[in-house]
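Written out below as C-alpha cells is the structure these notes cover.
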Amino acid sequence: MLDIQRIRQDTDAVKKGLALTGTDSAIIDQILALDAQRRSLQQEGDELRAQLNNQSKNIGREKDADKRQALISAVGTLKDKLRELSSEVPKVENAFETLMLSIPNIPLPEVPVGEGESGNTEKAVFGDLPEFDFPPKPHWELMEELGIIDFERGQKISGSRFYVLKGQGARLQRALISWMLEVHTEQHGYEELYPPVMVRQECLVGTGNLPKFGENLYRDIEGEHWFVPTAEVPVTNFYREEIIPVASLPIKHVAYTPCFRREKMSHGKDTRGIKRGHQFDKVELVRFEHPDNSRAALEELTEHARKLLTMLGLRHRVLTIGAGDLSFVACMKYDLETWAAGTSEWLEVSSCSLFQDFQARRAKIRFKDNDGKNKFVHTLNGSGLALPRIVISIIEHYQQKDGSIRIPEVLRPYMGGQEFITRSSS
RNA sequence: GGGGAGGUGGCCGAGUAGGUCGAAGGCGCACGCCUGCUAAGCGUGUAUACUUAACGGUAUCGAGGGUUCGAAUCCCUCCCUCUCCGCCA
584 MLDIQRIRQD
594 TDAVKKGLAL
604 TGTDSAIIDQ
614 ILALDAQRRS
624 LQQEGDELRA
634 QLNNQSKNIG
644 REKDADKRQA
654 LISAVGTLKD
664 KLRELSSEVP
674 KVENAFETLM
684 LSIPNIPLPE
694 VPVGEGESGN
704 TEKAVFGDLP
714 EFDFPPKPHW
724 ELMEELGIID
734 FERGQKISGS
744 RFYVLKGQGA
754 RLQRALISWM
764 LEVHTEQHGY
774 EELYPPVMVR
784 QECLVGTGNL
794 PKFGENLYRD
804 IEGEHWFVPT
814 AEVPVTNFYR
824 EEIIPVASLP
834 IKHVAYTPCF
844 RREKMSHGKD
854 TRGIKRGHQF
864 DKVELVRFEH
874 PDNSRAALEE
884 LTEHARKLLT
894 MLGLRHRVLT
904 IGAGDLSFVA
914 CMKYDLETWA
924 AGTSEWLEVS
934 SCSLFQDFQA
944 RRAKIRFKDN
954 DGKNKFVHTL
964 NGSGLALPRI
974 VISIIEHYQQ
984 KDGSIRIPEV
994 LRPYMGGQEF
1004 ITRSSS
C-alpha cells in the first residue's frame, strides 16, 4: 500500500511511477476524491461527537432531575445527525480502502523502463556452459530412467502437475533443503523458522496476494484458511501488527516450506517435468530492515541466494527486472536464473525483491526509531532457492553419458557421501 | 467435542450499583537533578491511529453489534488464551 500522504503531496510523481508499471493513473484521481470526501465526513462526525460528549458530561454534572431531563431531550437532534452521518462513512471508507489496496508499488528510479518483460536486463552471467559429448536429455527423461521420479502415480494420486519423488530423487531434494538452510543460518546469519503453511486471510492481504490475486491461491472449503503460495506470507506476517525495537533490526529469517499455487493463469504452460507444479518446495529468505539500509540489503540478499548457485557450480545469471515486469508489491527486483542444459532454457530459481514499506504498511509492521517515532520497516525477500527447478538444473547440468548424475560436491555429505546417482543406487 | 476461568497501556495490575477513565498504582524505559564512582534518591515524561497551521478534536480497555444523553463497566454474537475431561498423530 502506498502512503496516502505521498499520493496527496507528490501526485504527479506517483502517477508517473504507476504509468511505468502499466497502471492507469486515473485511479489516483478517484482515490484523492474519496480521500477528501472521507476526511470531511470524518471531521463533521468528530465535531458532532465532540459536542455530544461535551453535553453528556454536562448531564452527568447536573443534579436537578428536571434540568437533567431537559438537557437529555436537547441532545436528540445531535444524535439523529450523527446516525445519518455514520451510515455514510463506511461506504466511503470501504471504497477508499479497496482502491488503496489495489494500487501496485512504484518502481525505484533506477529500475529499467519497459513494457512487460522488455525492460528486463541481464546484469551478469556466471559460470560456463556445460560441455557434453552426447546429446543432453531433459530432466524428466533422466529422472524417469533413473527411477527417481514417478509422474504417472503422482497424477493418479493428485492429478496433473503432481509427481512423486522417489529414492535418490527424494533424497536429493532433502539434501538441498538441509544444505541451503545450513548455509543461510550458519554463513549468512538468518534465523530459521518453520511456519504454518495455512494462514488467515489477513496475512495474504499483508503481503499483497489479496485482494487482487486470490485466483492463484488454494483455500480450505470452510474458507477460514488459505494455503500459502510462498513462505514469504507466514514469515512476513510473523511480525504483523508489531512494533519492533530499532536495535533488533535487521531481522533475517530463512524458512523452508511447501508452497501451493493454482497456476490458473498459466495452464498449458510448462506441463512437462517438474518445472511448474501446484505444490513445490522452497527455501525462502525474508528480511526486515531499517529504511536506510534496505536498498543495500537487496544486493546482499541477492548475493546470499546467488552464492548457492556458485557453490553448486551451476551456470546462472542475474536479471534486473524492468518496471513493466515487477510484481505488484515490489519496487525493485532481481531474478536469478539457472541454465537448464537439457532443455536449453533459463529457469527462474529465485526472485529477490525489495518492497520498502509497501507490505509493512499493509501488515502494520513498524519499528520505533531513535527519534521515538514509529515508522514502517522495509521488507525484502528472495528464494534461496526454489527446489524443483534447482533439481532440474542439477540433473540436467550434471548428467553423464550413461544417464547417471554426478552429485555436486557440497551436497555429497547430505547424500551419504555418494558421488553419483545411478540406476542401481536408487 | 464437553465443563470451568479469563482477555485492560512495553510488562504487572486496579477499575462491576454506567458519568469528569485513555484509564490509579507498581515495574520497566527516557530525559533532567543530585552524587568522588557505583548504588540509592528526587523530578519530569512515557500507547496507537486519523485529523488540525496550531490549540485542540475524534476513535481505540480481545473483535463486532446493541441499550443509553453517556459504557472498560450492562446485553448479544464471535475470536483467542489458560485449565479439567474425552479423543487423537
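Numbering (the numbering used here), first residue to last: 584 to 1009. Don't be surprised by glycine CBs; every beta carbon is placed ideally from N, CA and C. Note that this is a predicted model, so its numbers are computed, not measured.
Report yes if the C-beta distance between residue i and residue j is below 8 Å; otherwise report no.
{"i": "Val818", "j": "Val782", "result": "no"}
{"i": "Phe959", "j": "Pro828", "result": "no"}
{"i": "Thr604", "j": "Ala906", "result": "yes"}
{"i": "Gly967", "j": "Leu902", "result": "no"}
{"i": "Val837", "j": "Thr768", "result": "yes"}
{"i": "Thr813", "j": "Pro687", "result": "no"}
{"i": "Tyr746", "j": "Gly860", "result": "yes"}
{"i": "Gly896", "j": "Pro991", "result": "yes"}
{"i": "Met584", "j": "Phe821", "result": "no"}
{"i": "Ile732", "j": "Lys749", "result": "yes"}
{"i": "Val675", "j": "Gln620", "result": "yes"}
{"i": "Arg591", "j": "Leu617", "result": "no"}
{"i": "His771", "j": "Pro874", "result": "no"}
Residue i to residue j, Cα distance in whole Å?
{"i": "Leu891", "j": "Val780", "result": "25 Å"}
{"i": "Tyr917", "j": "Leu963", "result": "11 Å"}
{"i": "Arg945", "j": "Leu684", "result": "8 Å"}
{"i": "Lys1011", "j": "Asn637", "result": "Any answer about residue 1011 is impossible in this case: the structure gives the chain only from 584 up to 1009."}
{"i": "Leu729", "j": "Pro971", "result": "17 Å"}
{"i": "Leu800", "j": "Trp809", "result": "7 Å"}
{"i": "Asn876", "j": "Ile834", "result": "12 Å"}
{"i": "Thr681", "j": "Pro673", "result": "12 Å"}
{"i": "Gln784", "j": "Phe871", "result": "21 Å"}
{"i": "Gln939", "j": "Lys947", "result": "13 Å"}
{"i": "Tyr997", "j": "His899", "result": "23 Å"}
{"i": "Thr840", "j": "Val816", "result": "11 Å"}
{"i": "Lys854", "j": "Arg744", "result": "One point to set straight first is that residue 854 is Thr, not Lys, in the sequence displayed. So the two alpha carbons sit approximately 7 Å from each other."}
{"i": "Ser936", "j": "Gly965", "result": "6 Å"}
{"i": "Ala630", "j": "Ala678", "result": "The displayed chain sequence assigns Glu, not Ala, to residue 630. Straight-line Cα distance between these residues: approximately 23 Å."}
{"i": "Gln751", "j": "Ala888", "result": "24 Å"}
{"i": "Arg825", "j": "Gln625", "result": "Contrary to the premise, residue 825 reads as Glu rather than Arg in this sequence. Taking the straight line from one Cα to the other gives about 27 Å."}
{"i": "Ile1004", "j": "Pro713", "result": "18 Å"}
{"i": "Leu842", "j": "Gln862", "result": "Checking the sequence shown, residue 842 turns out to be Cys, not Leu. Their backbone Cα atoms lie some 6 Å apart in a straight line."}
{"i": "Gly659", "j": "Ser623", "result": "23 Å"}
{"i": "Asp908", "j": "Leu919", "result": "14 Å"}
{"i": "Glu627", "j": "Ala633", "result": "10 Å"}
In or out: residue i buried (at least 16 other Cβ within 10 Å) or exposed?
{"i": "Ser669", "result": "exposed"}
{"i": "Gln696", "result": "According to the sequence shown, residue 696 is Val rather than Gln. Exposed, because fewer than 16 other Cβ atoms sit within 10 Å of the Cβ of Val696."}
{"i": "Ser976", "result": "buried"}
{"i": "Gly703", "result": "The identity of residue 703 in the sequence shown is Asn, whereas the question assumes Gly. Looking at its Cβ environment, which holds 16 or more other Cβ atoms inside 10 Å, Asn703 is buried."}
{"i": "Lys865", "result": "buried"}
{"i": "Pro690", "result": "buried"}
{"i": "Val979", "result": "Checking the displayed sequence, the identity of residue 979 turns out to be Glu instead of Val. Counting Cβ neighbours within 10 Å, Glu979 comes out buried, since at least 16 surround it."}
{"i": "Pro794", "result": "exposed"}
{"i": "Ala943", "result": "buried"}
{"i": "Leu725", "result": "buried"}
{"i": "Gly600", "result": "buried"}
{"i": "Arg823", "result": "buried"}
{"i": "Val1014", "result": "Since the first residue shown for the chain is 584 and the last is 1009, residue 1014 is missing from the structure and cannot be characterised."}
{"i": "Asp803", "result": "exposed"}
{"i": "Lys956", "result": "exposed"}
Quick check: does the Cβ of residue i come within less than 7 Å of any heavy atom belonging to the ligand MN?
{"i": "Lys674", "result": "Of the ligands one can find in the structure shown there are none, so the ligand MN has no counterpart to examine."}
### Task
Would you be able to state if there are at least three C-beta pairs under 8 Å between the segment 783-795 and the segment 902-916?
yes
#### Entry: Cβ contact check for the segment 874-886 and the segment 845-864: 3 or more pairs under 8 Å
no
### Query
Should the segment 718-725 be called in touch with the segment 918-927, which here means at least 3 C-beta pairs below 8 Å?
yes
### Task
Mind the definition here: the segment 768-778 touches the segment 892-901 only if three or more C-beta pairs lie below 8 Å; say whether that holds.
no
### Message
Count Cβ pairs between the segment 969-988 and the segment 738-757 that sit closer than 8 Å; are there 3 or more?
### Response
yes
### Query
Mind pulling the beta strand (DSSP E) runs of 3 or more residues that sit fully within the segment 761-824?
774-776
#### Entry: Touch test, the segment 687-701 against the segment 644-659, Cβ-Cβ under 8 Å, three pairs minimum
Contact fails: fewer than three Cβ-Cβ distances are below 8 Å.
#### Entry: beta strand (DSSP E) segments (min. 3 residues) lying fully within the segment 832-887
834-843, 862-872
### Query
Curious, which full-length alpha helix (DSSP H) runs of at least 4 residues does the segment 885-964 contain?
941-946
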